[in-house]
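Engineer:
There are 6 protein chains.
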Amino acid sequence: MPRRFVTDLGHQENIDQIFLASQKQLRPNRNGNLYLQVDLADRTGSISARMWNAQEADYRSFEDGDLVHVEGATQIYQGGLQLIATSICKARPDEVNLADFMSLTPADIDRLALRLSELLRSMQDLPLRNLAECFLTDDAFMERLAKSPAGIKNHHAYPGGLLEHVVNLMEVADSVAGHYPILNRDLLLMGVFLHDMGKVEELSSEHGFAYTDAGQLLGHVILAISMLDAKLAQAEELAGEPLPEETVLRLKHMIVSHHGEYEFGSPKLPMTLEAIALHQLDNLDAKLHNFQQLMRDDANMDSPWTQYHQNLGRKLFKGRVEAERVGGQK
Amino acid sequence: MPRRFVTDLGHQENIDQIFLASQKQLRPNRNGNLYLQVDLADRTGSISARMWNAQEADYRSFEDGDLVHVEGATQIYQGGLQLIATSICKARPDEVNLADFMSLTPADIDRLALRLSELLRSMQDLPLRNLAECFLTDDAFMERLAKSPAGIKNHHAYPGGLLEHVVNLMEVADSVAGHYPILNRDLLLMGVFLHDMGKVEELSSEHGFAYTDAGQLLGHVILAISMLDAKLAQAEELAGEPLPEETVLRLKHMIVSHHGEYEFGSPKLPMTLEAIALHQLDNLDAKLHNFQQLMRDDANMDSPWTQYHQNLGRKLFKGRVEAERVGGQK
Amino acid sequence: MPRRFVTDLGHQENIDQIFLASQKQLRPNRNGNLYLQVDLADRTGSISARMWNAQEADYRSFEDGDLVHVEGATQIYQGGLQLIATSICKARPDEVNLADFMSLTPADIDRLALRLSELLRSMQDLPLRNLAECFLTDDAFMERLAKSPAGIKNHHAYPGGLLEHVVNLMEVADSVAGHYPILNRDLLLMGVFLHDMGKVEELSSEHGFAYTDAGQLLGHVILAISMLDAKLAQAEELAGEPLPEETVLRLKHMIVSHHGEYEFGSPKLPMTLEAIALHQLDNLDAKLHNFQQLMRDDANMDSPWTQYHQNLGRKLFKGRVEAERVGGQK
Amino acid sequence: MPRRFVTDLGHQENIDQIFLASQKQLRPNRNGNLYLQVDLADRTGSISARMWNAQEADYRSFEDGDLVHVEGATQIYQGGLQLIATSICKARPDEVNLADFMSLTPADIDRLALRLSELLRSMQDLPLRNLAECFLTDDAFMERLAKSPAGIKNHHAYPGGLLEHVVNLMEVADSVAGHYPILNRDLLLMGVFLHDMGKVEELSSEHGFAYTDAGQLLGHVILAISMLDAKLAQAEELAGEPLPEETVLRLKHMIVSHHGEYEFGSPKLPMTLEAIALHQLDNLDAKLHNFQQLMRDDANMDSPWTQYHQNLGRKLFKGRVEAERVGGQK
Amino acid sequence: MPRRFVTDLGHQENIDQIFLASQKQLRPNRNGNLYLQVDLADRTGSISARMWNAQEADYRSFEDGDLVHVEGATQIYQGGLQLIATSICKARPDEVNLADFMSLTPADIDRLALRLSELLRSMQDLPLRNLAECFLTDDAFMERLAKSPAGIKNHHAYPGGLLEHVVNLMEVADSVAGHYPILNRDLLLMGVFLHDMGKVEELSSEHGFAYTDAGQLLGHVILAISMLDAKLAQAEELAGEPLPEETVLRLKHMIVSHHGEYEFGSPKLPMTLEAIALHQLDNLDAKLHNFQQLMRDDANMDSPWTQYHQNLGRKLFKGRVEAERVGGQK
Amino acid sequence: MPRRFVTDLGHQENIDQIFLASQKQLRPNRNGNLYLQVDLADRTGSISARMWNAQEADYRSFEDGDLVHVEGATQIYQGGLQLIATSICKARPDEVNLADFMSLTPADIDRLALRLSELLRSMQDLPLRNLAECFLTDDAFMERLAKSPAGIKNHHAYPGGLLEHVVNLMEVADSVAGHYPILNRDLLLMGVFLHDMGKVEELSSEHGFAYTDAGQLLGHVILAISMLDAKLAQAEELAGEPLPEETVLRLKHMIVSHHGEYEFGSPKLPMTLEAIALHQLDNLDAKLHNFQQLMRDDANMDSPWTQYHQNLGRKLFKGRVEAERVGGQK
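First to last, the protein sequences are chains A, B, C, D, E and F.
For the record, in the first sequence the residue sitting at position 13 is 211 according to this note's numbering, with numbers rising by one throughout.
For the record, in the second sequence the residue sitting at position 39 is 237 according to this note's numbering, with numbers rising by one throughout.
For the record, in the third sequence the residue sitting at position 96 is 294 according to this note's numbering, with numbers rising by one throughout.
For the record, in the fourth sequence the residue sitting at position 142 is 340 according to this note's numbering, with numbers rising by one throughout.
For the record, in the fifth sequence the residue sitting at position 313 is 511 according to this note's numbering, with numbers rising by one throughout.
For the record, in the sixth sequence the residue sitting at position 110 is 308 according to this note's numbering, with numbers rising by one throughout.
1) Straight-line CA distance for C:P379 to D:E341?
2) Is the region 443–459 of chain E touching the region 385–394 of chain E, taking contact as three or more C-beta pairs under 8 Å?
3) E:C287 bridges to which residues according to DSSP?
4) Can you tell me which of the three DSSP states B:K222 falls into?
5) Within the chosen definition, does the region 406–425 of chain C reach the region 419–429 of chain B through at least 3 CB pairs nearer than 8 Å?
6) Please report the distance separating the alpha-carbon of C:R327 from that of B:L467.
7) Check each candidate in C:E434, C:E439, C:A475 and name the one with the smallest Cα separation from C:I453.
8) Assuming C:T205 contacts C:R494 under a Cβ cut-off of 8 Å, what Cβ separation, rounded to an integer in Å, is found between them?
9) Just mark F:P357 as buried or exposed, buried being the case when its beta carbon has 16 or more other beta carbons within 10 Å.
10) Between A:P502 and chain C, is the shortest Cβ-Cβ distance under 8 Å, so that the two count as touching?
11) Could you check whether F:I213 and F:V268 sit closer than 8 Å to each other, using their CB atoms as the reference points?
12) Do you know how far the Cα of E:L281 is from the Cα of E:I245?
13) Could you tell me the alpha carbon to alpha carbon distance between C:A311 and C:L361, rounded to whole angstroms?
14) C:I350 by DSSP, collapsed to three states: which one?
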């Protein structure tokens with residue numbers, strides 16, 4: 199039977215397949231009986247599952263981050279889909295198709311890494327290119343980058359998500375820079391590359407994604423500065439001279455100001471052209487991914503409107519007519 | 199003698215050339231003597247001028263919007279450059295080189311109008327293309343558009359500025375849409391075209407730019423809705439059927455929500471993908487133009503920093519080293 | 199047995215009477231059993247009802263907007279009253295007393311419509327009176343107005359509610375204008391009449407009240423402008439000349455600015471005396487209705503205090519002593 | 199020669215008449231020469247005056263609060279009118295027409311005081327009427343009330359202004375209460391009477407109006423509570439029993455919450471119907487007076503628009519056409 | 199068996215001991231069966247308890263504020279600990295150890311009262327010392343003070359809590375004043391003593407703690423002013439002359455401004471050195487107690503992080519390593 | 199003649215003494231004549247000076263940061279004191295008494311440095327003491343620290359100001375920690391020491407104080423992290439093992455969160471007890487210094503009130519009566 203992906207699941211489907219487990223918890227209900235709650239994911243999304251009358255042994259039988267074989271059925275509960283499991287146990291290697299659990303295949307990741315190096319090596323500024331080289335040739339770094347998500351939840355929350363986010367944003371920045379000649383393309387590209395690098399240390403990707411202590415207490419902006427300091431020292435050794443002081447300040451400033459507003463924890467506001475462009479493009483990208491995801495995952499299946507989103511202060515309009523009615527490529 | 203453009207003027211230069219006058223005022227100084235104050239512009243910018251010991255006759259000798267011959271000298275006053283005029287009189291046609299006073303030449307405007315029609319006619323959605331045709335073939339409208347500025351002050355505050363802003367933003371939107379397949383390119387292009395159309399009625403371009411009463415009391419968002427209503431009626435006549443209802447709602451919603459936040463007078467928040475993209479791209483464009491202009495016009499000529507801008511809450515960094523030190527194309 | 203109205207219901211009352219149904223949903227509980235949830239209303243208010251162990255057939259047996267016969271009992275749940283139904287079925291016409299479900303009787307509505315025309319015809323300004331006539335003699339419009347609620351929830355959320363809100367506010371505006379001679383009474387009356395007209399298209403009153411797509415995407419402010427444009431064209435035809443331009447701008451400005459603050463989605467702030475008066479009086483009316491309703495519907499029956507209302511940031515004081523203790527007419 | 203009132207003065211008028219002086223200052227100009235600056239008022243408004251090359255003796259020749267004879271001429275300076283005085287000296291009693299300096303004549307004040315007692319004695323609630331009597335029969339209090347302004351600047355900033363504000367607002371409250379039967383008219387009237395009473399101690403009316411130390415450090419809300427406490431003790435003595443506890447709390451709450459929002463220094467938000475009504479009506483009254491005054495005093499005499507008011511975030515529209523064009527009574 | 203204090207309780211402990219009951223409620227569950235919900239406290243904290251299938255008789259068998267004997271067991275529910283009771287009945291005097299229910303023993307309270315009088319009597323300013331004496335020798339006041347909590351919830355929510363808060367803050371103020379000679383120690387000490395005095399009337403300590411009507415409608419700031427007024431009259435009688443006017447204003451200003459910001463309902467902002475110091479020290483104390491309590495009571499027992507606290511906008515870091523690893527005295 | 203210090207200067211004093219020059223500018227007045235503007239300081243404060251009819255040569259005759267001999271006279275201008283200079287020339291070494299220009303004498307600075315080392319060496323935690331030692335024994339660092347101000351303007355804006363601020367705050371923190379045993383004194387002391395260290399690189403102290411480019415673009419929070427990283431590497435070398443990871447995170451977190459609120463550019467909110475204490479104490483110290491300075495420097499010499507301070511939203515009360523009237527030690 200072909201896999202039913204999470205985003206395709208509907209109400210009252212029988213389930214008998216493999217998922218990636220995370221956030222498992224053993225909890226008593228109001229009558230004091232225990233149940234097991236766990237998030238089950240594949241590469242398309244995740245669903246919350248409950249197994250009633252669970253035992254401590256059920257809880258101990260697998261770990262967060264394991265692939266598990268689940269039997270049960272879906273149901274809609276409080277406007278969202280959940281899965282009532284009758285059995286959850288660790289999957290045997292032979293039942294697993296790894297491609298089901300990776301948003302990005304190893305080939306995707308290789309392609310992205312290749313495109314990253316092409317874009318960085320296309321910079322005309324020599325000191326920046328040398329600095330980029332120090333990152334590209336650091337295998338340990340590139341490996342961690344390839345595994346990092348770009349966030350805990352929502353868009354790009356899968357291994358390689360950070361790489362994908364960075365490469366896509368570099369492509370957009372490259373196009374946009376073509377329309378605004380006042381922008382220094384090299385600085386902008388390098389800034390896009392660096393702006394979220396601290397997430398490699400902010401987020402842990404072992405046994406599901408989570409914030410590290412350093413991530414919570416310091417944040418990826420501060421962490422990226424220390425990472426960049428280390429690479430700058432390397433680049434200086436490599437080139438026999440340090441990067442120009444102003445170039446370094448401009449790069450660090452892009453990292454430090456990319457959240458754009460004090461209220462989002464930005465220690466500085468953008469004060470250079472490339473810094474403001476980086477902030478605005480990052481914002482555009484985040485908004486488009488966020489809207490798309492809320493529309494796609496919305497539980498109001500029959501309605502042209504999503505539910506009300508408190509943090510956005512609005513509902514979103516998914517549309518009434520077939521997409522092809524308006525315009526061609528949607 | 200070749201013209202000295204406003205943006206090239208420095209401290210204590212002698213002036214003997216033509217400017218475009220606006221905002222003239224006859225004012226008493228603290229000793230009760232009258233002086234004439236007037237803004238003098240060419241296509242590169244404007245400078246405030248004062249003529250001491252002026253008479254009512256001096257004040258009556260020209261109108262706002264006239265080209266005037268000015269003699270005098272520049273000086274720095276309170277951190278900005280001003281011009282102390284010894285003579286201001288209406289220019290003779292033969293001393294005027296019109297190209298000095300137009301940011302956009304007639305040829306530029308023709309080119310922009312042509313590019314506008316190319317972009318609009320490249321839409322694949324037939325009803326949208328029909329609607330666009332109603333605008334493109336309305337000569338009176340196209341003529342007013344070609345004269346309209348995109349604002350009273352700052353970037354695009356010159357005849358054709360609105361057309362230039364709209365065409366440039368359509369180009370950027372077109373590139374960006376290529377990186378986000380979820381965006382409906384046709385809707386986005388048409389939305390960019392329409393979003394600021396109300397400025398044709400919000401701003402008056404007679405005798406210098408100013409807000410009309412309707413502009414102040416209603417604003418360009420409301421005015422654009424009435425303009426679009428009229429064209430939709432025409433398009434229905436043309437096509438024999440109205441535009442699809444949802445298409446109309448999506449277009450109007452883009453107009454109504456393009457300021458993006460309630461605090462900027464947006465009656466609605468963006469609720470569709472194209473509406474959020476329009477808002478974000480308009481914002482990126484405005485920020486880049488604003489930063490560029492503040493850096494270029496800054497009076498702190500020796501400093502790598504602009505003065506502090508209250509409304510931005512920051513200084514901007516113009517840079518210490520030659521631009522060519524960092525990157526190639528700046 | 200005389201009807202028990204919703205606002206009179208207490209804990210653990212047996213129910214066997216007719217209600218107006220809306221918002222019906224068939225939902226699984228956490229054990230996967232289905233239950234039916236529906237809002238039941240009469241003219242005094244509404245109560246949420248649940249029928250356990252419901253079937254698809256129960257769900258299909260009536261529609262939102264139907265009058266249904268309900269059996270069951272009330273209980274307090276999480277601080278509010280709910281109804282546990284044992285049976286819900288479509289009511290027979292002969293069991294229904296329509297007056298129980300209309301806050302306003304047809305006679306009330308006729309009286310309000312009559313008062314509306316009296317007030318509008320008492321204006322001394324001829325162009326305004328002509329414009330008013332175009333609305334008053336438009337039977338289709340007057341019929342829709344008579345059916346429209348003034349909101350989805352809370353006060354005036356019943357057919358005729360919009361008419362009632364508008365007429366009441368016109369009465370208050372008329373009195374207040376008497377104390378402030380600087381106010382132009384005619385403009386103020388006409389502005390009150392028009393300010394919420396867009397709700398006729400913003401809210402749908404079929405099968406319960408809901409926002410239309412146009413209502414969500416554009417809002418009643420924008421919709422009212424298009425409605426007024428149409429009537430202005432009619433009035434011009436009628437009178438042989440258009441309304442004075444400034445009168446039109448002042449009317450539109452009152453519509454456009456009546457929410458008073460950008461944060462409430464007002465595209466413009468009030469800039470005329472009548473616009474600020476309209477905003478303030480609308481606000482007073484809304485606050486008084488809101489406070490009254492929260493006090494009347496409060497579930498803390500024994501307490502002199504209502505529960506805490508997050509959006510108001512406070513509890514309200516219903517009072518300890520009998521109302522007649524303080525003052526006479528309460 | 200009949201008096202030219204301040205609001206009638208234009209550019210370059212010769213002045214030779216009496217004014218009320220306040221805020222006098224002796225200041226050096228940038229060359230170290232001294233000049234005298236002083237505000238000159240009559241009952242219609244005030245104008246800033248300067249006398250160049252003044253001596254210490256000029257400064258000492260009159261006091262703030264004196265009526266002075268001024269010679270000089272007006273001029274527009276930085277968008278506002280000022281008066282350049284050539285002579286300022288204390289006026290002789292025989293040149294003064296006191297009516298020119300009082301917005302309210304003694305007869306006006308008597309009429310207002312009479313209307314105040316009528317309104318308070320029309321309350322049906324006996325304890326409230328007794329309490330009111332304690333204020334009305336306190337001659338010292340009534341005398342201070344008759345002299346108090348309702349503010350330092352702007353509307354009602356003249357002796358009797360507080361009385362006028364309170365009586366007018368009681369009239370409006372009385373009308374509005376007629377349209378909202380849920381409001382307790384007696385409580386509302388008494389609350390309106392008390393809400394600003396603390397201004398009698400917050401503002402000093404000797405030698406021009408100013409805040410007292412107690413006014414600055416405590417504010418009129420706190421001061422009114424102490425004043426009411428004293429009168430409540432008197433009323434208890436008079437009646438042989440205290441006012442009902444809840445009535446007292448409701449009155450104090452109206453005082454304490456009448457600013458309506460924390461950001462305006464309100465220690466509590468309105469929690470009763472009469473408290474919210476008081477806040478809203480006080481607000482309506484303040485806004486109408488403020489708009490009217492800004493339109494009347496605006497220096498842009500030829501423009502239909504006032505200048506931009508930073509604190510309101512807008513310009514106001516004074517109008518283009520004659521008032522009689524629109525409506526009758528304006 | 200020694201008592202298990204609330205803060206020591208874990209998951210699934212059997213309970214058979216005495217608690218202080220408050221907030222009892224009889225509620226139906228979704229099946230219409232009744233259960234009893236009640237908060238159970240000892241001096242270390244409180245826990246929510248439920249008794250399933252309760253009767254009206256169970257509900258009536260004890261009152262809020264009673265000490266009750268409870269049998270049952272604990273369980274974790276929705277991230278917090280709750281107690282499922284099988285029996286709740288009024289405790290016999292002989293089973294009660296009062297010290298278990300008082301955060302402060304009578305001896306503690308005596309010690310605090312003694313320290314209060316030492317600190318107040320150490321003031322060098324005679325009028326302030328006289329005023330303090332009026333409070334210290336008012337036995338009724340001192341008794342109420344000794345019983346008052348400093349809040350309804352959280353820190354110092356127990357009899358004597360207000361006294362403890364005030365004395366502790368006086369100690370801190372005393373130390374800090376030593377480092378800032380510009381601070382007037384006497385004024386600061388007296389201000390700390392008075393700032394929260396209104397809580398004696400704002401909070402009722404009968405049958406559990408709750409806001410009084412006066413507390414809700416007026417607040418402790420307003421109430422303290424009336425209390426101080428009474429004592430000032432006494433002090434005047436005692437000393438034969440009133441306190442210096444400025445001293446009184448400074449004291450009242452400290453009360454009136456101690457919340458520091460308008461948004462926290464402060465009618466005035468601190469305008470004197472002692473007022474700003476009082477606000478800042480009160481804030482420091484509140485923040486430290488709040489953080490400490492959230493860390494101590496956090497339900498995430500295994501995690502170095504507390505749960506996310508919406509009102510603080512953050513999680514708190516409890517720490518991973520043993521406290522003694524870092525520094526000595528923790 | 200003994201020096202007249204800046205804070206002692208009054209209106210119309212003759213001046214003939216040495217000052218520290220900064221911010222010199224040559225500016226044209228409105229008539230095109232040049233004048234020299236410069237700030238003149240001694241250790242008590244600074245005053246703005248103008249020399250009319252200055253020449254380029256006057257401007258070139260000294261540098262910012264030079265000690266200059268000034269002749270002229272003071273005058274009050276626009277509410278503040280200014281100095282009209284008739285002569286400004288570089289001072290001869292023999293006319294200078296260096297102590298007049300240093301808020302802190304070398305002896306003061308030595309005493310502060312000694313106290314710093316005592317406090318740091320009193321920490322019981324060995325790793326923290328080792329880290330402190332790396333700073334204390336770094337002569338170059340200690341020398342820069344001894345020269346750094348704590349800000350550009352206002353309190354502590356003099357060489358050694360940073361050292362003074364840090365030592366004073368450590369003393370306060372030490373006292374306060376004694377009253378809150380839950381605080382880890384060592385962490386808090388070390389955090390206070392480190393929190394503003396980045397100012398050594400944020401502010402330049404050559405030729406007057408100014409922000410460095412790195413200071414503007416990155417800020418002292420980011421700069422301190424890099425400085426601490428370097429010292430942590432040294433401490434690891436010294437001790438043979440790194441500091442415990444959690445200790446490092448806690449220290450960095452204190453630096454990163456010490457501004458306390460996002461709106462002040464804090465990238466993280468305080469999440470530990472010591473971080474919240476540091477923020478609150480730093481705030482208390484800043485507020486007290488700020489209030490004291492505004493009261494001391496206020497130009498309204500005769501008034502008990504300072505002028506209105508826009509950024510504080512209030513006036514401050516300096517007081518009417520002699521300080522000794524209230525309390526003893528003021």
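The beta carbon of each residue, even a glycine, is placed where N, CA and C say it ideally should be.
Owing to the predicted nature of the structure, the values given are computational and were not obtained by experimental measurement.
Structural biologist: The short version:
1) 29 Å
2) yes
3) E:H267
4) strand
5) yes
6) 36 Å
7) C:A475
8) 7 Å
9) buried
10) yes
11) yes
12) 7 Å
13) 7 Å
14) coil
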